[in-house]
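Asker: So that we are looking at the same thing, I have put the structure below in structure tokens.
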Amino acid sequence: MAAAGMAAMQPVIAQHVPLDPAVRTGKLANGFTYYIRHNEQPRNRALFYLVNKAGSVLEDADQRGLAHFLEHMNFNGTRHFPRNELVSHLQKAGVRFGADLNAYTTFDETVYQLPMPSDDPAMLTLALEIMRDWAQEATLDPQEIEKERGIVLEEERLGKGAKERMSRRYLPMLLNNSRYANRLPIGTDSVLLHFQRPVIKRFHSDWYRPNLQALIVVGDIDAAAMEKMVRAQFGTLKNPVHERARPAYTIPLTGKNQFMVVTDPETATTELDIYIKHKAAAIRTEADYLALVKRTLFNQLLNTRRYNETSREHNPAMVSAGMSISPLPGGLDAFSFTVTAKEGQLPAAFKQAWSVVEKVRRYGFTQTELNRARQQYLRNLEQLLNEQDRTPSVDFVKEYQRLFLQQEAAPGIQWEYNFAKAKLPAITLQDINNVTTAYIQDINRDILILAPDDKKQSLPAEDTVTAWLNEMQGMRLDPYVEDTLVHSILTVLPQRGRVTAADSLPAIGVTMLTLSNGVKVVLKPTTFKNDEIRFKGFAPGGASLYNDSDYDAAASAAAIIGSFGLGSLSPVQVNSALNGKVVQVAPFIDKRTAGVHGACATQDLETALQLVYMQFTHPRKDTMLYNNIINRSRAVLPNRYAEPNNIFNDTMAYVMGGYSYRSSPPTLAKLDRIGLDKVYDIYRERFADATGFTFVFVGSFNTAAIQPLLEQYLGALPAAGHKDTAIDRGIHIPPGRIVKTVKAGKADKALVRLIVSGDYSYSPANNQVLNALAQVLQIRLLQNLREAEGEVYSPTVQFTFNKQPRERYAFIIAFGCAPANADHLVNLVRREMEALRTTPVETDNIMKVKAAVIRNTELALKDNGWWLSYLDGQLENGEDLLQVQDVQKNLDALTPAAMQQAASLYLTEKNLLQFMLLPGGR
């Protein structure tokens with residue numbers, strides 16, 4: 036009796052957070068764990084993830100890099116899928132290698148992912164067989180190991196550069212010289228080049244075992260039936276007879292402060308980072324979860340405060356700044372602070388950014404700030420709750436991954452919303468101040484300065500930065516003054532328009548309206564999401580209407596003016612007015628169009644339309660913010676070409692733009708052509724007259740119900756009757772054979788881009804054939820450059836096309852490699868292109884392309900974003916909106932002969948641009 040009474044008096048907050056009842060979970064006798072959930076987003080699909088508590092931190096000294104290498108080997112031969120037959124087999128089912136079928140390795144885990152069609156029982160059986168093989172049946176064929184060495188080394192090569200070199204120097208400090216510092220997942224070249232099969236087999240035998248593994252299956256499945264299959268399939272897995280203990284490696288906190296300066300000739304900016312490290316909190320009990328809510332609110336409050344404070348600075352010394360509580364490896368998290376300074380202004384930049392932290396440490400936040408943060412936090416959860424039956428399967432997968440790997444609670448959105456709604460009102464300013472006190476401390480603090488080599492002599496030493504911190508603690512800083520006024524986006528309703536004409540396309544569920552001011556509206560209500568509307572409004576013209584002397588101002592006008600706020604409201608006041616709402620709207624001026632795009636929750640559509648109306652009618656001019664934007668751009672331009680990729684990308688853009696002024700690299704002279712009055716006037720020219728505008732809305736709305744809102748705001752847009760037509764400036768990829776080699780950078784790597792382009796006859800059928808040709812070429816490059824030669828990691832082929840201003844196409848072939856192999860690989864690509872021109876495409880490859888297109892189209896047709904892009908594209912090009920119904924007909928036309936004919940016409944070397952980035956130059 037007494038014991039029961041004592042238990043009843045225990046605070047509810049100590050209870051463990053329950054597991055979402057919608058997930059089936061269990062642990063087999065061999066220790067294998069599973070999580071299974073039925074979810075129909077997307078329909079007829081299921082995600083299979085195999086999660087292994089085995090990453091690079093478990094490697095022995097002679098195994099460094101082999102956790103990741105083993106991940107590769109699981110695609111190169113298992114018991115039921117010898118060599119790389121698995122990839123080819125799945126491609127025929129529409130599962131793409133890399134984009135769908137993939138895996139990753141980190142310090143602590145290796146995870147394999149496999150999305151599968153679930154409307155065919157045989158595919159579900161196949162998926163489990165693959166997962167079972169990945170769990171314990173890698174063959175580790177010595178020949179396949181030898182072939183894979185080059186591929187893994189090429190993957191490592193792609194990461195080489197300034198960031199990689201610098202991180203290798205500072206990570207030991209950041210990771211406190213723990214085991215993590217010596218077990219980077221990519222490993223060491225000496226191991227990758229020389230290890231023998233017994234060494235990788237030892238890692239596989241030790242750590243790929245059921246008591247360290249979990250299978251996650253989420254999708255459009257019968258969960259009960261799947262559970263039976265999983266128990267039968269994975270119950271036979273065996274743990275080693277002499278099992279190695281799986282150490283729980285962590286990064287110990289030393290109580291010391293550390294400092295390091297790292298420079299490199301190929302970094303362009305000077306950055307100061309501070310990490311104040313802590314042991315990461317568990318998230319298992321209700322008390323843990325409440326602490327997580329407080330940390331999340333702290334981050335939300337701090338991010339808003341940082342923006343509000345730094346946006347008030349006149350010509351700040353910093354280019355950017357960031358601060359938050361964020362995770363680190365090895366069971367740690369940290370208060371992380373970073374500031375990037377303008378050249379020669381690191382002391383001032385640090386003090387400007389750190390003053391935000393110091394004010395929060397000294398004075399805390401205001402009650403108004405906390406009230407707004409709580410409101411927005413709950414509103415975000417409310418939207419997730421509204422979408423709980425439309426949640427993508429991958430979101431659940433990631434949640435169960437964290438549950439298995441970190442024992443992080445997974446209660447489901449209904450529990451989270453109910454908990455937050457009950458607990459948020461009781462969270463006080465003192466609670467948030469306690470988070471500040473706990474995380475912003477003077478121990479376990481790492482200070483890191485990253486800078487160009489030529490700034491080395493002017494960089495501060497540890498005692499200097501420490502003195503800065505001490506000085507900030509004693510400096511007079513006034514408390515933050517909060518704007519407590521209640522702001523509204525729109526105070527007076529405009530003169531309402533009306534619908535004057537309506538039409539519909541029932542076959543695709545589209546309604547078309549004409550408003551009294553001539554604005555066109557295209558509406559597609561969907562049920563793909565419960566609480567999402569996406570939209571875009573556009574009119575022809577854009578930056579093409581302006582001569583070169585005004586092009587820079589035109590190209591940047593929307594981004595600049597759009598950042599100034601609206602009407603009489605500053606950006607900070609606009610954000611305040613939008614608190615508690617889920618809405619994003621932004622103007623744009625592209626090369627040939629101008630307009631607005633955005634997204635919102637259904638209940639916030641009126642707010643979104645008010646923003647649209649104000650962006651057309653009441654843009655704001657702000658001299659201080661304009662000067663800050665231009666000064667930041669001026670600060671980063673001089674060192675832009677310290678980074679080799681910038682030289683390479685600018686070279687490609689300039690050549691592919693026909694050496695036009697509009698495709699030339701950014702310069703200080705170009706910045707001088709951008710003036711506040713000029714960008715404001717151009718913005719007004721593009722938005723003051725809505726004649727010729729078309730708006731497309733896709734999402735969770737009722738057409739009749741939103742019509743009054745469209746009339747009220749879009750129907751009120753000014754329309755003087757002037758229509759623009761985009762001008763053809765004659766800019767396109769130049770004809771002929773062009774070879775450009777850029778020599779820059781220290782890293783032993785080459786980047787190669789081949790572009791095949793030209794005129795063609797634009798049509799959905801031709802677009803499908805050329806897109807299929809690109810996919811087939813990529814399959815062949817993967818087979819020959821990667822699998823056969825082992826000289827690249829991931830070659831890609833993209834196909835792009837446009838109808839306006841001219842009917843043009845381009846294939847873009849991209850890969851990275853060793854510099855010594857670049858010419859050889861280019862010749863191999865040309866050989867594959869010639870083979871496609873001279874011989875019929877293999878039926879197997881056509882099957883793979885068709886399967887991928889069919890499966891991807893099924894997903895696209897259930898996605899709001901895809902429909903918005905499709906309708907917008909068709910309208911801009913003046914194409915039939917019903918063409919989406921012709922996908923199967925166009926696929927049927929994909930025959931070996933048709934694709935060979937297309938290759939002979941379009942995949943030629945008549946117009947071939949070759950770009951290479953090679954080391955050297957300085």
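Throughout, our numbering is defined as the position within the sequence shown, counted from one, plus 35.
No residue lacks a Cβ here, since even glycine has one placed at the ideal position from N, Cα and C.
Values in this document were obtained by computation on a predicted structure and should not be read as measured data.
How far does the alpha helix (DSSP H) with Ser987 in it reach, from first residue to last?
Answerer: Within the shown structure, residues of the chain are numbered from 36 to 957, placing residue 987 beyond reach of any answer.
Asker: Starting from Asp368, follow the beta strand (DSSP E) in both directions and report where the run begins and ends.
Answerer: Looking at the DSSP string, the run of the beta strand (DSSP E) that includes Asp368 is Leu367 to Ala376.
Asker: For Val47, count the other beta carbons within 10 Å of its own beta carbon; 16 or more makes it buried, fewer makes it exposed. Which is it?
Answerer: Low per-residue confidence applies at Val47: pLDDT is 44, beneath 50, and the placement is therefore not dependable, though the value from the model is reported in the following sentence. The residue is exposed, with fewer than 16 neighbouring Cβ atoms inside 10 Å.
Asker: When the Cα atoms are used, what is the spatial distance from Thr546 to Arg118?
Answerer: For Thr546 and Arg118, the distance between alpha carbons rounds to 52 Å.
Asker: Alpha carbon to alpha carbon, how far is Ile595 from Tyr661? Give it in angstroms, no decimals.
Answerer: Distance between the alpha carbons of Tyr661 and Ile595 is about 7 Å.
Asker: Which complete alpha helix (DSSP H) runs does the stretch 643-682 hold, if anything under 4 residues is left out?
Answerer: Correct list: 658-671.
Asker: For Tyr147, collect the residues of the same chain with a Cβ closer than 6 Å to its Cβ; drop the 5 residues on either side in sequence, then sort them by chain order.
Answerer: Closer than 6 Å at the Cβ level, and outside the excluded window around Tyr147, lie Leu85, Ala138 and Trp169.
Asker: Helix, strand or coil for His632, going by three-state DSSP, please let me know.
Answerer: In the structure shown, His632 sits in a strand (DSSP, three-state: E or B).
Asker: Compute the Euclidean distance between the alpha carbons of Glu344 and Val395, then round it to the nearest angstrom.
Answerer: Distance between the alpha carbons of Glu344 and Val395: 11 Å.
Asker: Since I believe Ala445 is in contact with Leu54 (beta carbons under 8 Å), could you give me their beta-carbon distance rounded to a whole number of angstroms?
Answerer: Going by Cβ atoms, the distance from Leu54 to Ala445 rounds to 6 Å, so yes, they are a contact pair.
Asker: Would you decide whether Thr302 is buried or exposed? Buried here means 16 or more other CB atoms lie within 10 Å of its CB.
Answerer: Classification of Thr302: buried, given that the 10 Å Cβ count is 16 or more.
Asker: Applying the 10 Å Cβ sphere with the 16-neighbour rule, what's the burial state of Ala478?
Answerer: Correcting the residue identity first, residue 478 is Ile in this sequence and not Ala. The residue in question, Ile478, is exposed, as its Cβ has fewer than 16 Cβ neighbours within 10 Å.
Asker: Excluding the 5 residues flanking Arg480 on each side, which residues of the same chain have their C-beta closer than 6 Å to its C-beta?
Answerer: Closer than 6 Å at Cβ, skipping near neighbours: Asn292 and Ile311.
Asker: Specify the secondary structure class of Ala486 as computed by DSSP and reduced to three states.
Answerer: Strand.
Asker: Please list the terminal residues of the continuous alpha helix (DSSP H) segment that includes Gly254.
Answerer: Not the alpha helix (DSSP H): Gly254 falls in the beta strand (DSSP E), residues Gln248 to Gly254.
Asker: State buried or exposed for Met691, treating a residue as buried only when at least 16 other CB atoms are found within 10 Å of its CB.
Answerer: Buried.
Asker: I'd like to check one pair, Gly577 with Ala629: are the Cβ atoms closer than 8 Å?
Answerer: Cβ distance < 8 Å, so Ala629 and Gly577 count as in contact.
Asker: Write down the C-beta distance between Glu746 and Arg407 rounded to the nearest angstrom, noting that I regard them as a contact closer than 8 Å.
Answerer: About 32 Å separates the two Cβ atoms, so there is no contact after all.
Asker: Could you name the residues of the same chain whose beta carbon sits closer than 8 Å to that of Arg841, not counting the 5 residues immediately before and after it, in chain order?
Answerer: Cβ within range, chain order: Asp763, His767 and Asp794.
Asker: Okay, do the stretch 234-248 and the stretch 64-71 touch, 3+ Cβ pairs below 8 Å being the bar?
Answerer: The stretch 234-248 is in contact with the stretch 64-71.
Asker: Pull up the distance between the alpha-carbon of Glu517 and that of Arg341, whole angstroms please.
Answerer: Distance between the alpha carbons of Glu517 and Arg341: 13 Å.
Asker: Let me check one thing: in DSSP terms, what residues is Lys775 bridge-paired to?
Answerer: Per DSSP, Phe950.
Asker: Taking the alpha-carbon positions, what's the Thr174 to Val556 distance?
Answerer: In a straight line, the C-alpha of Thr174 is about 59 Å away from that of Val556.
Asker: For the structure I just gave you, are there three or more beta carbon pairs, one from the stretch 463-471 and one from the stretch 108-116, closer than 8 Å?
Answerer: Touching, no, given that fewer than three Cβ pairs across the two stretches are closer than 8 Å.
Asker: Taking Cβ to Cβ, would you say Phe736 is nearer than 8 Å to Ile568?
Answerer: Yes; because the gap between Cβ atoms is below 8 Å, this pair is in contact.
Asker: Do His107 and Glu183 count as a contact pair if the criterion is CB distance below 8 Å?
Answerer: Cβ distance < 8 Å, so Glu183 and His107 count as in contact.
Asker: Threshold first: 4 residues or longer. Then list the alpha helix (DSSP H) segments lying entirely within the stretch 193-239, N to C.
Answerer: Listed in chain order, the complete alpha helix (DSSP H) runs (minimum 4 residues) inside the stretch 193-239 are 197-209 and 224-229.
Asker: Would you report the Cα separation of Asp724 and Gly765, rounded to the nearest angstrom?
Answerer: Approximately 27 Å between the Cα atoms of the pair.
Asker: With a threshold of 8 Å, are at least 3 pairs of Cβ atoms found where one atom belongs to the stretch 935-952 and the other to the stretch 672-685?
Answerer: With the cut-off at 8 Å, the stretch 935-952 and the stretch 672-685 touch.
Asker: My understanding is that Leu744 touches Tyr941, with C-beta atoms under 8 Å, so please give their C-beta distance in whole angstroms.
Answerer: About 46 Å; that fails the 8 Å criterion.
Asker: Tell me which residues share the same chain as Leu206 and place their Cβ nearer than 7 Å to its Cβ, disregarding the 5 neighbours each side in the sequence.
Answerer: Around Leu206: Ala216.
Asker: Measuring alpha carbon to alpha carbon, tell me which of Ala849, Gly222 and Ala845 ends up nearest Val827.
Answerer: The shortest C-alpha separation from Val827 is found at Ala849.
Asker: Would you list the residues sitting across from Pro529 in a DSSP beta bridge?
Answerer: Answer by DSSP bridge pairing: none, since Pro529 is not bridged.
Asker: Just reading off the alpha helix (DSSP H) that Ile467 is part of, what are its end residues?
Answerer: Note, Ile467: alpha helix (DSSP H), Leu464 to Tyr474.
Asker: Expressed to the nearest angstrom, what Euclidean distance is found between the alpha-carbon atoms of Lys377 and Thr305?
Answerer: If you take the alpha carbons of Lys377 and Thr305, they lie about 8 Å apart.
Asker: Output the boundary residues of the alpha helix (DSSP H) element that contains Asp716.
Answerer: It spans Leu711 to Phe722 - the alpha helix (DSSP H) in which Asp716 sits, taken as one unbroken run.
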